[in-house]
Ligand SMILES: [Zn+2]
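Right, here's the structure in full:
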């Protein structure tokens, strides 16, 4: 017998999904998205949101006050954009273009609160979020805030 990795229920070895909580069992088969694919998705998102945010930020003259802590209009827009789209659809427009998505460690869709958590790092704490992830969480290729929120980015 094996046990569900999420809820601990006993399952037969070949069970693909847990009969208790529905979690996918063979998570080793998930294929991680590369940092390169994620970077392209990030650049697409930043460009799209940057254009919209720029229209709001420019008249206000709002600039980021500190290095490594981005709290300008742009990052607030990006935060809301990622938190919402990745929490409801699993993908931003950039990720959809790259055919990658954000899931939990079991390959399941994330909810909005998890998405809000994972979006904090990439919206407000770039590039630290990625640098810490590169150094510490290379096995699952997680940003710091992926690690903290229990999320990974996989290929579709
Ligand atoms: Zn389970």
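Numbering (our numbering), first residue to last: 1 to 156. Virtual Cβ for every residue (Gly too), placed ideally from N, Cα, C.
Start and end residues, alpha helix (DSSP H) containing residue i
i	result
residue 122	112-124
residue 132	128-136
residue 83	73-88
Where the beta strand (DSSP E) containing residue i begins and where it ends
i	result
residue 155	151-155
Heavy atom of ligand 1 within 8 angstroms of residue i beta-carbon
i	result
residue 22	yes
residue 8	yes
Local conformation of residue i per DSSP, three classes
i	result
residue 16	coil
residue 47	helix
residue 101	strand
residue 38	helix
residue 30	coil
C-alpha gap between residue i and residue j, whole angstroms
i	j	result
residue 40	residue 9	39 angstroms
residue 143	residue 129	6 angstroms
residue 27	residue 127	28 angstroms
residue 84	residue 100	16 angstroms
residue 114	residue 104	9 angstroms
residue 151	residue 117	10 angstroms
residue 2	residue 50	48 angstroms
Nearest candidate by alpha-carbon position, reference residue i, set the options
i	options	result
residue 54	7, 149, 73	73
residue 48	92, 102, 35, 38	92
residue 94	14, 46, 34, 2	46
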